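Residue numbers (full-length UniProt numbering): 1 to 237.
Quick look at the structure:
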(Lines of atoms letter the chains of each structure in order from A and count residues from 1; the text may use other names and numbers.)
(Lines give C-alpha, C1' and ligand atoms only; values in the text may rest on other atoms or scores of the structure.)
Protein backbone atom coordinates (compact mmCIF):
# COMPACT_ATOMS: atom_id res chain seq x y z
CA UNK A 1 0.00 0.00 0.00
CA UNK A 2 2.81 2.41 0.88
CA UNK A 3 6.06 3.13 -0.94
CA UNK A 4 8.84 0.58 -0.48
CA UNK A 5 11.79 2.77 -1.43
CA UNK A 6 13.18 5.92 0.11
CA UNK A 7 11.69 9.22 -1.09
CA UNK A 8 13.64 12.48 -1.00
CA UNK A 9 12.34 16.02 -1.43
CA UNK A 10 15.05 18.25 -2.79
CA UNK A 11 15.89 21.33 -4.80
CA UNK A 12 18.76 21.62 -7.27
CA UNK A 13 20.94 22.73 -4.36
CA UNK A 14 20.06 20.58 -1.35
CA UNK A 15 17.88 17.89 0.20
CA UNK A 16 14.89 19.44 1.97
CA UNK A 17 13.39 16.31 3.51
CA UNK A 18 13.81 12.54 3.63
CA UNK A 19 10.69 10.53 4.34
CA UNK A 20 10.57 7.24 6.22
CA UNK A 21 12.90 4.78 4.53
CA UNK A 22 10.82 1.59 4.49
CA UNK A 23 7.21 0.42 4.29
CA UNK A 24 7.55 -1.10 7.76
CA UNK A 25 8.74 2.22 9.18
CA UNK A 26 5.89 4.04 7.44
CA UNK A 27 3.31 1.59 8.84
CA UNK A 28 4.68 1.89 12.37
CA UNK A 29 4.78 5.69 12.27
CA UNK A 30 1.27 5.96 10.84
CA UNK A 31 0.03 3.69 13.64
CA UNK A 32 1.61 6.06 16.15
CA UNK A 33 0.00 8.99 14.35
CA UNK A 34 -3.47 7.41 14.56
CA UNK A 35 -2.94 6.69 18.26
CA UNK A 36 -2.02 10.32 18.93
CA UNK A 37 -5.00 11.57 16.93
CA UNK A 38 -7.23 9.50 19.22
CA UNK A 39 -5.59 10.88 22.37
CA UNK A 40 -8.34 12.87 24.16
CA UNK A 41 -5.80 14.71 26.33
CA UNK A 42 -4.42 16.80 23.46
CA UNK A 43 -6.46 19.87 22.35
CA UNK A 44 -8.08 19.29 18.96
CA UNK A 45 -6.49 22.06 16.88
CA UNK A 46 -2.84 21.64 17.98
CA UNK A 47 -3.31 17.89 17.59
CA UNK A 48 -4.72 18.36 14.10
CA UNK A 49 -1.88 20.58 12.89
CA UNK A 50 0.92 18.54 14.47
CA UNK A 51 -0.57 15.40 12.94
CA UNK A 52 -0.62 17.21 9.60
CA UNK A 53 3.09 17.90 9.93
CA UNK A 54 3.83 14.33 11.04
CA UNK A 55 1.94 12.84 8.07
CA UNK A 56 3.96 14.96 5.64
CA UNK A 57 7.13 14.05 7.54
CA UNK A 58 6.37 10.34 7.12
CA UNK A 59 5.66 10.92 3.41
CA UNK A 60 3.98 7.52 2.93
CA UNK A 61 3.37 7.64 -0.84
CA UNK A 62 5.48 8.23 -3.92
CA UNK A 63 3.09 10.97 -5.03
CA UNK A 64 0.10 12.87 -3.67
CA UNK A 65 1.30 13.21 -0.07
CA UNK A 66 0.56 16.94 0.06
CA UNK A 67 -2.94 16.61 -1.38
CA UNK A 68 -3.73 13.65 0.89
CA UNK A 69 -2.39 15.44 3.95
CA UNK A 70 -4.42 18.58 3.23
CA UNK A 71 -7.54 16.47 2.64
CA UNK A 72 -7.08 14.78 6.02
CA UNK A 73 -6.53 18.03 7.93
CA UNK A 74 -9.50 19.70 6.21
CA UNK A 75 -11.71 16.69 6.92
CA UNK A 76 -10.75 16.88 10.59
CA UNK A 77 -11.39 20.64 10.74
CA UNK A 78 -14.77 20.10 9.11
CA UNK A 79 -15.79 17.80 11.97
CA UNK A 80 -14.23 19.78 14.81
CA UNK A 81 -15.16 23.27 13.57
CA UNK A 82 -17.34 23.54 10.46
CA UNK A 83 -17.24 22.84 6.74
CA UNK A 84 -16.68 26.46 5.74
CA UNK A 85 -13.65 26.83 8.01
CA UNK A 86 -12.19 23.65 6.52
CA UNK A 87 -12.73 24.83 2.94
CA UNK A 88 -11.28 28.24 3.67
CA UNK A 89 -8.24 26.71 5.39
CA UNK A 90 -7.48 24.94 2.12
CA UNK A 91 -7.96 28.23 0.25
CA UNK A 92 -5.71 30.04 2.74
CA UNK A 93 -2.96 27.50 2.09
CA UNK A 94 -3.26 28.05 -1.66
CA UNK A 95 -3.05 31.83 -1.22
CA UNK A 96 -0.11 31.62 1.23
CA UNK A 97 1.74 28.65 -0.23
CA UNK A 98 5.25 29.98 0.40
CA UNK A 99 4.50 30.72 4.05
CA UNK A 100 2.86 27.30 4.42
CA UNK A 101 5.86 25.42 3.06
CA UNK A 102 8.28 27.58 5.04
CA UNK A 103 6.57 26.42 8.25
CA UNK A 104 7.37 22.80 7.33
CA UNK A 105 10.99 23.60 6.54
CA UNK A 106 11.45 25.45 9.83
CA UNK A 107 9.80 22.66 11.79
CA UNK A 108 12.13 20.10 10.17
CA UNK A 109 15.27 22.10 10.88
CA UNK A 110 17.59 20.07 13.09
CA UNK A 111 18.23 23.10 15.29
CA UNK A 112 14.49 23.34 15.98
CA UNK A 113 14.73 20.04 17.90
CA UNK A 114 11.15 19.03 17.15
CA UNK A 115 9.56 22.11 18.74
CA UNK A 116 6.09 22.42 17.20
CA UNK A 117 4.80 25.67 18.71
CA UNK A 118 5.75 27.91 15.79
CA UNK A 119 4.30 25.43 13.31
CA UNK A 120 0.98 25.29 15.17
CA UNK A 121 0.89 29.10 15.38
CA UNK A 122 1.45 29.40 11.61
CA UNK A 123 -1.32 26.90 10.87
CA UNK A 124 -3.63 28.76 13.27
CA UNK A 125 -2.84 32.00 11.44
CA UNK A 126 -3.83 30.37 8.15
CA UNK A 127 -7.03 29.08 9.75
CA UNK A 128 -7.86 32.57 11.06
CA UNK A 129 -7.05 34.08 7.65
CA UNK A 130 -9.61 31.74 6.13
CA UNK A 131 -12.23 32.47 8.79
CA UNK A 132 -11.90 36.22 8.23
CA UNK A 133 -12.48 35.47 4.57
CA UNK A 134 -15.69 33.67 5.55
CA UNK A 135 -16.87 36.76 7.44
CA UNK A 136 -16.15 38.94 4.40
CA UNK A 137 -18.06 36.56 2.14
CA UNK A 138 -21.03 36.45 4.55
CA UNK A 139 -21.12 40.25 4.84
CA UNK A 140 -21.16 40.51 1.07
CA UNK A 141 -23.76 37.74 0.88
CA UNK A 142 -26.09 39.62 3.25
CA UNK A 143 -25.87 42.69 1.01
CA UNK A 144 -26.62 40.57 -2.03
CA UNK A 145 -29.63 39.00 -0.28
CA UNK A 146 -31.05 42.48 0.23
CA UNK A 147 -30.43 43.14 -3.45
CA UNK A 148 -32.29 39.94 -4.29
CA UNK A 149 -35.32 41.01 -2.24
CA UNK A 150 -35.45 44.40 -3.95
CA UNK A 151 -34.94 42.88 -7.38
CA UNK A 152 -37.67 40.26 -6.92
CA UNK A 153 -40.09 42.85 -5.51
CA UNK A 154 -39.89 44.72 -8.81
CA UNK A 155 -40.82 41.65 -10.84
CA UNK A 156 -44.49 40.99 -11.58
CA UNK A 157 -44.70 37.55 -9.98
CA UNK A 158 -47.06 35.67 -7.69
CA UNK A 159 -46.01 34.46 -4.23
CA UNK A 160 -44.83 31.00 -5.38
CA UNK A 161 -42.76 32.47 -8.19
CA UNK A 162 -41.17 35.00 -5.82
CA UNK A 163 -40.28 32.29 -3.30
CA UNK A 164 -38.67 30.21 -6.02
CA UNK A 165 -36.71 33.20 -7.31
CA UNK A 166 -35.45 34.05 -3.83
CA UNK A 167 -34.34 30.46 -3.22
CA UNK A 168 -32.47 30.37 -6.53
CA UNK A 169 -30.89 33.75 -5.82
CA UNK A 170 -29.61 32.36 -2.51
CA UNK A 171 -28.15 29.44 -4.44
CA UNK A 172 -26.39 31.88 -6.78
CA UNK A 173 -24.99 33.87 -3.85
CA UNK A 174 -23.89 31.01 -1.60
CA UNK A 175 -23.49 28.37 -4.31
CA UNK A 176 -20.10 26.86 -3.31
CA UNK A 177 -21.42 26.10 0.19
CA UNK A 178 -24.94 25.01 -0.72
CA UNK A 179 -24.49 22.31 -3.34
CA UNK A 180 -27.03 21.40 -5.99
CA UNK A 181 -30.65 22.37 -5.34
CA UNK A 182 -32.97 20.13 -7.34
CA UNK A 183 -36.58 20.86 -8.18
CA UNK A 184 -37.53 18.17 -5.67
CA UNK A 185 -35.54 20.03 -3.00
CA UNK A 186 -37.37 23.25 -3.84
CA UNK A 187 -40.76 21.53 -3.72
CA UNK A 188 -40.03 20.01 -0.31
CA UNK A 189 -38.41 23.12 1.20
CA UNK A 190 -40.94 25.66 -0.06
CA UNK A 191 -43.90 23.32 0.51
CA UNK A 192 -45.04 23.81 -3.09
CA UNK A 193 -46.53 20.89 -5.03
CA UNK A 194 -44.65 19.74 -8.11
CA UNK A 195 -47.60 20.79 -10.25
CA UNK A 196 -47.51 24.38 -8.94
CA UNK A 197 -43.71 24.37 -9.05
CA UNK A 198 -43.74 23.38 -12.71
CA UNK A 199 -46.37 26.03 -13.52
CA UNK A 200 -44.22 28.65 -11.79
CA UNK A 201 -41.16 27.58 -13.75
CA UNK A 202 -43.08 27.93 -17.00
CA UNK A 203 -43.67 31.60 -16.16
CA UNK A 204 -40.13 32.22 -14.94
CA UNK A 205 -38.57 30.59 -18.00
CA UNK A 206 -40.87 32.49 -20.36
CA UNK A 207 -39.70 35.75 -18.77
CA UNK A 208 -36.03 34.74 -18.99
CA UNK A 209 -35.67 34.75 -15.20
CA UNK A 210 -34.59 31.12 -14.79
CA UNK A 211 -33.30 28.32 -16.99
CA UNK A 212 -32.76 24.57 -16.74
CA UNK A 213 -29.39 23.72 -15.20
CA UNK A 214 -29.70 19.93 -15.26
CA UNK A 215 -32.24 17.44 -16.56
CA UNK A 216 -31.21 14.48 -14.34
CA UNK A 217 -32.00 15.37 -11.64
CA UNK A 218 -34.05 18.32 -12.84
CA UNK A 219 -32.81 21.62 -11.45
CA UNK A 220 -33.00 25.30 -12.37
CA UNK A 221 -30.82 28.39 -11.90
CA UNK A 222 -31.34 32.10 -12.43
CA UNK A 223 -30.40 33.38 -15.89
CA UNK A 224 -27.44 35.60 -16.72
CA UNK A 225 -29.81 38.56 -16.99
CA UNK A 226 -30.89 38.14 -13.37
CA UNK A 227 -27.36 37.30 -12.17
CA UNK A 228 -26.02 40.50 -13.71
CA UNK A 229 -28.63 42.56 -11.86
CA UNK A 230 -28.20 40.62 -8.62
CA UNK A 231 -24.42 41.00 -8.44
CA UNK A 232 -24.37 44.63 -9.56
CA UNK A 233 -24.26 46.17 -6.06
CA UNK A 234 -24.25 49.74 -7.29
CA UNK A 235 -27.67 49.18 -8.85
CA UNK A 236 -29.26 49.29 -5.41
CA UNK A 237 -26.77 51.10 -3.17
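Idealized CB from N, CA, C, for every residue including glycine. Values in this document were obtained by computation on a predicted structure and should not be read as measured data.
Under the three-state DSSP convention, the category residue i falls into
i	result
residue 52	helix
residue 232	coil
residue 179	coil
residue 227	helix
residue 42	coil
residue 193	coil
Endpoints, the alpha helix (DSSP H) within which residue i is located
i	result
residue 106	97-108
residue 116	Segment: none, residue 116 is in no alpha helix (DSSP H) and carries neither H nor E.
residue 68	65-80
residue 188	183-190
residue 27	23-37
Residues that residue i bridges to, as DSSP identifies them
i	result
residue 218	215
residue 210	222
Whole-angstrom distance between residue j and residue i, CA atom to CA atom
i	j	result
residue 200	residue 229	21 Å
residue 236	residue 183	Low confidence applies here, because residue 236 scores a pLDDT of 43, under 50, leaving its location unreliable and the question unanswered by this model.
residue 56	residue 117	17 Å
residue 165	residue 152	7 Å
residue 23	residue 122	30 Å
residue 189	residue 221	16 Å
residue 215	residue 154	29 Å
residue 197	residue 232	28 Å
residue 179	residue 111	47 Å
residue 29	residue 36	11 Å
residue 206	residue 90	41 Å
residue 167	residue 79	27 Å
residue 250	residue 194	This structure does not reach residue 250, given that the chain is present from 1 up to 237, and the question cannot be answered.
residue 244	residue 31	What is shown of the chain runs 1 to 237, which leaves residue 244 out entirely.
residue 234	residue 109	Annotation note: pLDDT 46 at residue 234 (below 50); position unreliable, no value reported.
residue 138	residue 158	29 Å
residue 76	residue 43	13 Å
residue 50	residue 136	28 Å
residue 210	residue 125	41 Å
residue 107	residue 120	10 Å
residue 141	residue 148	10 Å
residue 59	residue 171	39 Å
residue 226	residue 70	37 Å
residue 223	residue 203	13 Å
residue 95	residue 132	14 Å
residue 100	residue 218	42 Å
residue 162	residue 156	9 Å
Please specify which runs of the alpha helix (DSSP H), each continuous and at least 4 residues long, are wholly inside the stretch 116-159, giving them in chain order.
117-154
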